[in-house]
Amino acid sequence: MNLYYTENYREMSRKAANLLAAQVARKPDSVLGLATGSTPVGLYAALQEDHQTRGLSFAACRTVNLDEYCGLAPEDPQSYAYFMQKMLFSGLDIEPGNTHLPDGKNPDAQAECSRYERLIASLGGIDLQVLGLGHNGHIGFNEPSDAFPVETHRVKLTARTIAANARFFPKAEAMPKYAYTVGLRAILQAKRILLLVSGTEKAEILERVLFGPVTPQVPGSILQLASHLDVCADAEALSAVLRKHPETVQDTGNPEKTDR
């Protein structure tokens, strides 16, 4: 595990962008696993900047997103397909046919989950998986449970997750109660995992994810078993780790320096 300290959200986003850009430089046709939510927004803005000012090309890349709300069409402004188009894809040279998300409008959950599993396998798996971290340690929409969810599945969102995400919807009652999400097998099999964490409210759960017991009650704790894990976190998110495990943290130095 590489645990990178950054001063703030902007530096965290830049460090993460450097790591992802290095992956694309090494393997231009990389399969990138992407996440949504507020945490990766800065990363995506930095990648758009790298494309526009440094010539970083995503033309050969393929992307697979972690999740999508059930019941929302891609053109719905609250869908993750819409989010990705607005926050990332519209500012890159990536081919639209190379970007993939679960189909939130498919009412046949079993068929849709099987389709997405086959898709990821047909691409040869994920080269680099971007992850955020939920308040309860969830990654994607893999919520705390009695067993680690292995495959892509339809999940009933917890009340706390619904409350946390309802702010993105015009009315709280419009927030979907279910989502499709990639299971932990495909995530853990990614050749590299890039975990982004920001803010004081994530400090204690980040410490548990990285140094606590591996348990399905803290889904992100399974990342301790990853073959290659890079964690980019800001000072607030790292406060508990710095207090308990200071020797594990690497300073990024100058995050503007490209990681090649």
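Going by this note's numbering, the first residue of the sequence shown is number 63, and it counts up by one from there. No residue lacks a Cβ here, since even glycine has one placed at the ideal position from N, Cα and C.
- Going by C-alpha positions, Ser289 is about 12 Å away from Leu256.
- The alpha-carbon of Tyr106 is positioned some 10 Å away from that of Arg76.
- Unbroken alpha helix (DSSP H) runs of no fewer than 4 residues, entirely contained in the stretch 85-158, are found at 103-116 and 142-149, following chain order.
- Here Pro278 is not near Phe203, since their CB atoms are 8 Å or more apart.
- Arg124 counts as buried, since no fewer than 16 other beta carbons sit within 10 angstroms of its beta carbon.
- Ala221 sits in a helix when the DSSP states are folded into three classes.
- Straight-line spacing of the CA atoms in Asp155 and Gly117 works out to 10 Å.
- As computed with DSSP, His162 is found in a beta bridge with Val126.
- In this structure, the straight-line span from the alpha carbon of Met237 to that of Cys132 is close to 10 Å.
- Excluding the 5 residues flanking it on each side, Leu219 has same chain C-beta neighbours closer than 7 Å at Phe203, Lys239, Tyr240 and Ala241, in chain order.
- For His215, the closest of Phe231, Gly194, Gly245 and Val192 by C-alpha to C-alpha distance is Gly245.
- The Cβ atoms of Leu109 and Leu190 do not sit closer than 8 Å to each other.
- In the three-state DSSP reduction, Gln172 falls in the helix class (H, G or I).
- The DSSP-derived three-state label of Leu81 is helix.
- For Arg254, the enclosing beta strand (DSSP E) stretches over residues Arg254 to Val259.
- The beta strand (DSSP E) runs of length 3 or more contained entirely in the stretch 181-220 are, from start to end of the chain, 190-193 and 215-218.
- Sequence-distant Cβ neighbours of Ile284 in its own chain, meaning closer than 7 Å and more than five residues away, are Phe210, Leu246, Leu250 and Val276.
- Excluding residues up to 5 positions away in sequence, Pro90 and Asp91 lie with their Cβ nearer than 6 Å to the Cβ of Ala122 in the same chain.
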